[in-house]
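Quick note on the numbering used here: the sequence shown kicks off at 611 and runs consecutively.
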Amino acid sequence: MRQIPEERLLEDMIDLLDNCLPSKLLEFEEMTEDGEQLPPMNYVGTPEDMPTGTMEPYALVEVTDGSYTMKDRIIRNNVFKVKIELHLQKKKLVWRYFTALRKAFDESEHSERWRIREETHEKSGMMVIEVVER
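Below you can see the structure in the form of structure tokens.
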């Protein structure tokens, strides 16, 4: 059975945050000398599946939009927007998490399936990325 692209993207983003991000956070901790710790996420997933009482840090992930565009009238592109909300105890560390997340994506097998076309960040911990299926 063929998997729906939105479901595959959601699974890939959850896998990225759950399995690829922790090693990049550790690398980031070692590179900076300010002693700030960047703990891995206690929960990664959709808001409706989050267990009650989950402690920070956690990440909420959802595919918010999907469209199919034609490129050069031949190639169909699947373009999706993914919203990632990082809930951290120390909001000042959000930029380190964003940087580590982007590095984890670029170095993972997920970058072979998806290409980030655009990304926006907010100090609140919200990240919206627009990805194209390769």
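We treat Cβ as the ideally placed atom computed from N, Cα and C, and that holds for glycine.
A quick note: this is a predicted structure, and the numbers were derived from the prediction, not measured.
Using the three-state DSSP reduction, which class does residue i fall into: helix, strand or coil?
i    : result
D622 : helix
E637 : helix
T730 : strand
L627 : helix
On the premise that residue j lies in contact with residue i, defined as a C-beta separation below 8 Å, what is that separation, rounded to the nearest angstrom?
i    : j    : result
F715 : H731 : So it is not a contact: roughly 14 Å between Cβ atoms.
E672 : P657 : 7 Å
V704 : W724 : The Cβ separation is near 22 Å, so there is no contact.
Can you tell which of the options has the C-alpha that lies nearest to the C-alpha of residue i?
i    : options                   : result
P667 : S677, M737, P657 and L648 : L648
L626 : I614, D659 and E717       : E717
E743 : R706, V689 and V704       : V689
G645 : L635, K693 and N652       : L635
N652 : E643, E621 and G663       : G663
D659 : E640, I624 and K691       : I624
Using beta-carbon positions only, say whether residue i and residue j come within less than 7 Å of one another.
i    : j    : result
G735 : L711 : no
P650 : P632 : yes
Taking the beta carbon of residue i as the centre, do at least 16 other beta carbons fall within 10 Å, making it buried, or is it exposed?
i    : result
M611 : Confidence at M611 is low in this model, with a pLDDT of 49, below 50, so its placement is unreliable and the value that follows should be read with caution. Exposed, because fewer than 16 other Cβ atoms sit within 10 Å of the Cβ of M611.
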